[in-house]
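Q: Next up is a structure, given as C-alpha cells.
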Amino acid sequence: MNDMADHSAELKRRFPGRSDQIDTLLSLMGRPADPTVPSILIYGHSSSGKTSLVRDLLSTTIARKQWAYINCIERHTPRMMFEHAVNEWCSWSPSWDNQFTSIARIDNLNDFLCVLKEGVPLNQHSTEMIGDKETRYLVLDRAERLRDMGATILPALLRLSEISQRNICVILLSTIVYEKFRTKSGSYEPLVIRFPEYSKEDTLQILRRDFSEDGMDIEVEDKGTVHLNDDFFRSFSEVIYSIFFQNCKDLNELRHLVALLFPLFINPIRDGRAKTHETAKLFKLAQPYFAEATDKLYLREISSSEWAKRTSEMADAKTTTSHTVDASVIAAIRTNAKGDFDLPYYTKFLLIASYLASYNPPRFDVRYFAKVADEKKKKKRGIHKSASDKSGGKMRQQLLGPKAFPVERMLAIFYSIIDDKLDDAIDIPVQITSLTTLRLLLRTTNMDKLDGAKYKCNVSFDFIRGVARSVRFEIDKYLFDFI
Amino acid sequence: MTILGKRKADDASPSCLASDNQSEDLETVVQDFTILESNPFLVSDSESDRASDVADPPENGISTPPPVTEHDSSLATYVQEAKNSILDRISERSLPIDLSNLSEQYDKLHHLLEQTVKVGESNSCLLIGNRGSGKTVLVRKVIQSLQKEHKDNFLTVELNGLIQTDDRSALREITRQLTRESQMEDRSFTSFAESLAFLLSLLKSGSKSTTPVIFILDEFDLFAQHTKQALLYNLFDIAQSSQNPIAVIGLTCRLDTMELLEKRVKSRFSHRQIYLYPPSSFGDFSSATKSVLSLPMSDSITDENHTTYIRNFNEALDTLFQDPLFLAVIRRIFDLTKDLRMVFKICFQPVSSLSAQNPFLTATQFYDSGIMQRADSKTELLKGVSLLELILIVSMGKLLDRETSTFNFQMVYDEYKDFMNMTQASGHSFGMKLYKRAVALKAFEHLQSFELVCPVESVAKCPKEYRMMKIMLEPSQISNAVAKYRDCPTAVKKWGIGNPL
Ligand SMILES: Nc1ncnc2c1ncn2[C@@H]1O[C@H](COP(=O)(O)OP(=O)(O)OP(=O)(O)O)[C@@H](O)[C@H]1O
Ligand SMILES: Nc1ncnc2c1ncn2[C@@H]1O[C@H](COP(=O)(O)OP(=O)(O)OP(=O)(O)O)[C@@H](O)[C@H]1O
Ligand SMILES: [Mg+2]
Ligand SMILES: [Mg+2]
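Line by line, the protein sequences give chains A and B. 377 is the number that the UniProt record's numbering gives to position 377 of the first sequence; each next residue is one higher, with no gaps. 476 is the number that the UniProt record's numbering gives to position 476 of the second sequence; each next residue is one higher, with no gaps.
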C-alpha cells in the first residue's frame, strides 16, 4: 500500500496538473489481481499527456510483461496489432535469433481469442497463460484508427474480457470523443476518462521542467559566467505563453518554441548588451524574433534545424555590431520565403489563364477578355455584383474554390491575355500536361475521355499573384468579385 | 440530518431539466421529468453542497465507524474482499445473484434446453433484447443450472459474431471447443456440412445416443452476414432433422433479425423467440442496482468483525439508496436508457476507491463519477481549444445560422475576418489580433483532427482550403462551449452566444 502511495506521489510530481487522473487510474487498476473495468477510453487534446502518462504509470506500477502498448498507426493491421500485443505479454521480441518472427501467428480476432483462451506455448514444458490471474493491460494509442480495421475489431476489444473470459483491461487513447466511436448496432461502452486542458499555471510548470531546477550558467563575454535561475526561465516561459496561447495551446508546440527562442533571448546577456534582471530590455531585444517565430516556426515554413543553424551562424559571426546581427538573422530567416519555382514564360500565362477560368463566371469572359473591346471598358471590378446574393457575399467563387473549366475556354482566355503572337515551337498540350504533373492543374474528367477535358486550377491567390507579377500581368484587374 | 432535510425540500419543488446536451446515442430525450434543482450531472455550482457532504460523513447515519487501529489489517482484507466481489459483478465477470424480472424468460429457456439435454429433442430459439438487457447473463445462468442438474451429459459451444466473422473461423472454433471437451482428433474436410456432421457424429457416446450440444451464438445477426449463411443453414438443418440432438440459441439486439435470414434458413428455424426487457419500473431498476452493490451475508463467515463490517456496509448502502441526490442520478439513467450498465459505469470509481480509510460507499463519490461519465464530451473537449479555434467554431456556427451547412475554410476565414474587422472598428478587440490565413488554417486542421469538423466527401478534389466541410456540433453546443470557455473575451462571448453585436 505504501508502495502505491510512493508511486502515486512520484507520478504526480512528474506530471503536474494530472493528479486527479492519476488517482482515478490507480484506483481503477487496484492490485495486480483485482478485477478491473473491461475497457477505458482516455481522451483529451493532443499532447495532453495521454501517451506519456499511461506508459509511465503502467511501467512504474506493474511488471513490464503485464502490459502491451500498441500505436495503431504504426501497427495498422489486426495481425500486426495482435502479434505485437502477444509478443509484449510474453516478453518476446523478434530478433535475429528467432528469425524476426512473432511468438505466435495471429491473423485475425479468432486466432487472438484462441491464443487468449489456450495460452501461448513458450517451449515444450511451459505455456504462458494470459490474464488467468493478474490483469493484463492492452493500451491502444490513436485508437480512432481501430475503426478502419474492420467493423468488429473495436466492439470486440471493448468487451474483450467478457468474450475471452480473461482478466484483460483494454485502454484506448484518443483525441476523439467517444460518440465518434459508436456504431449503429451499439456495443459495450468503455469507461470514459477525460484529460482536461492545462491551466496556465500547469502549462508554465510543465514548460519549466525542461529547464534544470538548479538554473544554468552561461558564459558572458569578458565577465566569466552568469547564473540564470528558475525565475528567469519562468518569466521567459510566461512571455512565450502569453504570445502564443491565443492560437496555440499545444504543449509540444510551446516547448518547441521555447527551446528555439531561448538561446536568442539570452544572446544579449552573452554579449553584454543586457543584464539578467533587465527583463524588459531583453524582451524588447527579442521582440522581432518572437514576431517572426509566429509565422515561420509555428507554421513550419522553415524547419527547426534550419532555424537553429541560421541563428547560430549569425551569432557566431560576431564581427558586426550586435544590432545588425539581429537584423541579419531575421533577414536570413525571411529570405526563405516561398520555394521559388520557375516556369517557362508562356506556361505562366497558361496557369494565369486557368486561374481566371476557374474563378471568373464564364458569362463575363467577353467583357474581360474580348480583344476587340476597348481598353477603357476594362475598369477594375467594373462589373456589378449580381444582386441575388443572399448569403452576404459568402458564396463568392473566391470562397467556394476553383470551378472546373473546359480547356477551350481557358485557351481562349490565354490567347487574349498574351500580347504577342505565340511562337509555333510551344506545344500547348505538353505544357498543360506538365502543369498537371506538377499538380498546379487538376484534371477533373477521366483520362480516357479525350474530348472535352476539364481542369481546375490548384494554386492559391498569393501564388498566382506572384506568378502574375513575374510576367508583369495585373491579375487583380481581371478577377471578378475578389476582395 | 439538516442537509438531508433541506434536500428533501428541494426535491419537492419540481424543475424542468434544462437542455443539457445528451450525446447522440440517446434517442429518448426526456422532456419533463422532474429532477432536483441541483442536478448532479450538470457540472454546476453544487460544489458547495458537495463540500459540506465531504466534511460531514456521519450524517449518513452510519452509527459505528468500526474500530480502526487494532483491526486495521483485518478490516483492510474485508474491504478488499468486498471490493473485489462487487467489481466482479459490475465488470460482468460474475453472474448477478438474482434475475428477478427475467424469471419468465428464464423458465422458458430452461425448459427448452432441458428438453434437449434430457430427452434429446432438438431446438432453436432466438433471444432478443437491448444491449445490457441480460441476454448473456440469462443464458449463462440457465447453462449453469443445467450443469448442476445434469452434470456432463451435454456440451456447449459458444460462438460470437464479433469474433467468428466467417464460417471457416466459426468451424475452427467449433472444432476447437468440441475437441477440447471430448478429446477428438482434427481432420480436414471438403464441405462445410460434411465436416460439421462429422464433428457431431464423433460425439456419439458409446452406442446409445449422441451427446446433446448446445450452440450459443452471440451477436446472432452478424452470422447472417456470412456467405450463403452456411453455418446457420447447417445448424438449423441439423436441429430440424434431428440427426443429432442440438439446441441453437441466438442472442441479438436487432429486432429485425428474422428478416436477415434467407428463406431456406428461415424455414428451418423454429421461430421461437424470447424477448427480454429491461426493468420496467424504477423500483425494479434501483433494486437491481442495489443487489449488485450489496454484500451477501453467508454462513461460512464466522468472524465477528467480518459480519459486523458486512452489516455496516449494507446499512450504509441502505442510506445511500435513500439519498435523494444519489437516487436522482439513478433515476436519470433509468429515464434515459434503462440500462444497468450505465449504472455500473458510475459505480466503478466509487467501488474501486474503497479502502480501510474509506470502507463504505457514500453518495458524494457517485455524483462526481456521474458527472464525469455523463458530461457532454464535445463541450468538454471544446474547453481546451485555443481562442482562435473557438472563434473559428463560432464562425462556422454563424454560417450554419445562415443555412450554409457545408462550407470550406475560405468561407470560415472570411467570416472570422469580418468579425475581427467589426470588433476592431468598435474598439473591442482586447488584444485579439487577426491571424494570418495560414495560422488560421493550421487551427482549422487541428479541429479537423478531433473530427469536430469533417469533410463532406471522402476524397479531396481541390485544394484543402476549399474542401467542403461540415461541423459536427449543434448550435446549442457551440454557444455552450463559448459560455464555458475560460477567459473568453467579451466580444467573442457576445458574438458566440447572442446575436451579432
Ligand atoms: N502534465 C504533464 N507533465 C509533464 N509533461 C507533460 C505533461 N503533459 C504532457 N507532457 C509532455 O508533453 C509531451 C506530449 O505528451 P504526450 O505525447 O503524452 O501527449 P498525447 O496526449 O499522447 O498527445 P497526442 O494525442 O498528440 O498523442 C510529452 O513529452 C510529455 O512528457
Ligand atoms: N434483470 C437483470 N437483473 C440483474 N442484473 C441484470 C439484469 N439484466 C442485466 N443485468 C446486468 O447487466 C449486465 C449486462 O447483461 P448482459 O451481459 O446479459 O447483457 P446482454 O443483453 O448480453 O448485452 P449485449 O447485447 O451487449 O451482449 C450483466 O452483467 C448483469 O449483471
Ligand atoms: Mg499520444
Ligand atoms: Mg451479451
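Using N, Cα and C, we set each Cβ at its ideal position, and we do this for glycine too.
On a Cα-Cα basis, can you pick out the residue from 136(B), 444(B), 222(B), 218(B) that is closest to residue 386(B)?
A: Here residue 386(B) refers to the residue found at position 386 when the second sequence is read from its first residue. The candidate whose alpha carbon is nearest that of residue 386(B) is 444(B).
Q: For the beta strand (DSSP E) that contains residue 273(B), what are its first and last residues?
A: Residue mapping note: residue 273(B) aligns to position 273 of the second sequence, counting from 1. Per DSSP, residue 273(B) belongs to the beta strand (DSSP E) from 273-276.
Q: So residue 132(B) packs on residue 277(B), CB below 8 Å; how close in whole Å?
A: Sequence index remark: in the second sequence, residue 132(B) carries index 132 (1-based). Sequence index remark: in the second sequence, residue 277(B) carries index 277 (1-based). At roughly 12 Å, the Cβ-Cβ gap does not stay under 8 Å, so residue 132(B) and residue 277(B) are not in contact.
Q: What's the gap between the Cα of residue 275(A) and the Cα of residue 243(A)?
A: One-based indexing of the first sequence puts residue 275(A) at position 275. One-based indexing of the first sequence puts residue 243(A) at position 243. Distance between the alpha carbons of residue 275(A) and residue 243(A): 23 Å.
Q: So who's on the other strand from residue 227(A), going by DSSP bridges?
A: Against the first sequence, residue 227(A) aligns to sequence position 227. DSSP links residue 227(A) through a beta bridge to 217(A).
Q: For the structure I just gave you, are there three or more beta carbon pairs, one from the segment 278-285 of chain B and one from the segment 237-247 of chain B, closer than 8 Å?
A: no
Q: In the DSSP assignment, the alpha helix (DSSP H) including residue 109(B) goes from what residue to what residue?
A: Residue mapping note: residue 109(B) aligns to position 109 of the second sequence, counting from 1. Per DSSP, residue 109(B) is one residue of the alpha helix (DSSP H) stretching across 103-114.
Q: Rounded to whole angstroms, what is the Cα-Cα separation between residue 177(B) and residue 214(B)?
A: On the second sequence, position 177 is the one that residue 177(B) refers to. On the second sequence, position 214 is the one that residue 214(B) refers to. Distance between the alpha carbons of residue 177(B) and residue 214(B): 12 Å.
Q: For residue 308(B) and residue 317(B), what's the separation of their Cα atoms in angstroms?
A: Taking the first residue of the second sequence as 1, we reach residue 308(B) at position 308. Taking the first residue of the second sequence as 1, we reach residue 317(B) at position 317. Between residue 308(B) and residue 317(B), the alpha-carbon positions lie close to 14 Å from each other.
Q: Looking at chain A, which residues of the segment 153-179 of chain B have a Cβ within less than 8 Å of any of its Cβ atoms?
A: Per Cβ criterion, the list reads 160, 161, 162, 163, 164, 165, 169, 172, 173, 176.
Q: Quick check: does the Cβ of residue 129(B) come within less than 8 Å of any heavy atom belonging to ligand 2?
A: Within the second sequence, numbered from 1, the residue matching residue 129(B) stands at position 129. Yes - ligand 2 has a heavy atom lying nearer than 8 Å to the Cβ of residue 129(B).
Q: Name the residue from 226(B), 235(B), 345(B) whose alpha carbon lies nearest to the alpha carbon of residue 260(B).
A: Working through the second sequence from its first residue, we reach residue 260(B) at position 260. Considering only alpha carbons, the answer is 226(B).
Q: For the alpha helix (DSSP H) holding residue 496(B), just list the boundary residues, first then last.
A: Within the second sequence, residue 496(B) is the residue found at index 496, counting from 1. Residues 490-497.
Q: Give the range of the alpha helix (DSSP H) segment to which residue 352(A) is assigned.
A: Looking up residue 352(A) in the first sequence gives position 352. Taken as a continuous stretch (DSSP letters only), the alpha helix (DSSP H) holding residue 352(A) covers 345-359.
Q: DSSP three-state call for residue 248(B): helix, strand or coil?
A: The residue given as residue 248(B) occupies position 248 in the second sequence. Note: residue 248(B) maps to strand in three-state DSSP.
Q: Going by Cα to Cα distance, which pick from 449(B), 454(B), 120(B), 431(B) is closest to residue 487(B)?
A: What you label residue 487(B) is simply residue 487 of the second sequence in a count that begins at 1. The shortest Cα separation from residue 487(B) among 449(B), 454(B), 120(B), 431(B) belongs to 431(B).
Q: Do we get a CB-CB distance below 9 Å when we pair residue 45(A) with the residues of chain B?
A: As a working mapping, residue 45(A) is identified with position 45 in the first sequence. Interface residue, yes.
Q: Give me the DSSP bridge partner(s) of residue 471(B).
A: Working through the second sequence from its first residue, we reach residue 471(B) at position 471. In DSSP, residue 471(B) forms a bridge with 453(B).
Q: The beta strand (DSSP E) that contains residue 304(B), what's its start and end?
A: In the second sequence, residue 304(B) corresponds to position 304, counting from 1. Under the DSSP assignment, residue 304(B) falls outside any beta strand (DSSP E), being part of the alpha helix (DSSP H) whose first and last residues are 304-320.
Q: Ligand 1 and residue 244(A): does any heavy atom of the ligand fall closer than 8 Å to the residue's C-beta?
A: On the first sequence, position 244 is the one that residue 244(A) refers to. No; taking the cut-off as 8 Å, the Cβ of residue 244(A) has no heavy atom of ligand 1 nearer than that.
Q: I'd like to know whether the C-beta of residue 253(B) is nearer than 9 Å to at least one C-beta of chain A.
A: Here residue 253(B) refers to the residue found at position 253 of the second sequence. Interface residue, yes.
Q: Shorter than 8 Å, the distance from the beta carbon of residue 341(B) to the closest heavy atom of ligand 1, or not?
A: Indexing the second sequence from 1 puts residue 341(B) at position 341. In this structure, the C-beta of residue 341(B) stays at least 8 Å away from each heavy atom of ligand 1.
Q: Find the residues of chain A that neighbour residue 380(B), judging by a C-beta separation of less than 7 Å, and give them in chain order.
A: On the second sequence, position 380 is the one that residue 380(B) refers to. The contacting residues are 194.
Q: Is there a Cβ from chain B that is less than 9 Å from the Cβ of residue 119(A)?
A: Your numbering for residue 119(A) matches position 119 in the first sequence. No, no contact with chain B.
Q: Could you name the residues of the segment 425-437 of chain B whose beta carbon sits closer than 9 Å to any beta carbon of chain A, in the order they occur along the chain?
A: 431, 432, 433, 435, 436, 437
Q: By the DSSP assignment, the alpha helix (DSSP H) with residue 135(B) in it spans what residues?
A: Taking the first residue of the second sequence as 1, we reach residue 135(B) at position 135. 135-150 is the extent of the alpha helix (DSSP H) around residue 135(B).
Q: Out of 196(B), 111(B), 94(B), state which residue places its alpha-carbon closest to the alpha-carbon of residue 165(A).
A: Taking the first residue of the first sequence as position 1, residue 165(A) is located at position 165. It is 94(B) whose Cα lies nearest to the Cα of residue 165(A).
Q: Am I right that residue 404(A) and residue 454(A) are in contact with their C-beta atoms under 8 Å? What's the rounded C-beta distance?
A: In the first sequence, counting from the first residue as 1, residue 404(A) sits at position 404. In the first sequence, counting from the first residue as 1, residue 454(A) sits at position 454. With a Cβ gap of about 4 Å, residue 404(A) and residue 454(A) count as contacting.
Q: How many Å lie between residue 34(A) and residue 250(A) at the Cα?
A: The residue labelled residue 34(A) in the question sits at position 34 within the first sequence. The residue labelled residue 250(A) in the question sits at position 250 within the first sequence. Each residue's alpha carbon lies about 36 Å from the other.
Q: How about residue 414(B) and residue 285(A): are their beta carbons less than 9 Å apart?
A: Within the second sequence, residue 414(B) is the residue found at index 414, counting from 1. Within the first sequence, residue 285(A) is the residue found at index 285, counting from 1. No, these two residues do not count as a Cβ contact at 9 Å.
Q: Are any of the Cβ atoms in chain A nearer than 9 Å to that of residue 488(B)?
A: Against the second sequence, residue 488(B) aligns to sequence position 488. Not one chain A Cβ lies under 9 Å of residue 488(B).
Q: Taking only three categories from DSSP, how would you classify residue 358(B)?
A: Indexing the second sequence from 1 puts residue 358(B) at position 358. Three-state result, residue 358(B): strand.
Q: Which of the three DSSP states is assigned to residue 389(B) in this structure?
A: Indexing the second sequence from 1 puts residue 389(B) at position 389. Residue 389(B) falls in the helix class under three-state DSSP.
Q: Does the Cβ of residue 57(A) lie closer than 8 Å to at least one heavy atom of ligand 6?
A: Ligand 6 is absent from the structure shown, which contains only ligand 1, ligand 2, ligand 3 and ligand 4.
Q: Considering only C-alpha positions, which residue in the set 489(B), 424(B), 396(B) is nearest to residue 468(B)?
A: Position 468 of the second sequence, counted from the start, is the residue given in the question as residue 468(B). Out of 489(B), 424(B), 396(B), 396(B) has the C-alpha closest to the C-alpha of residue 468(B).
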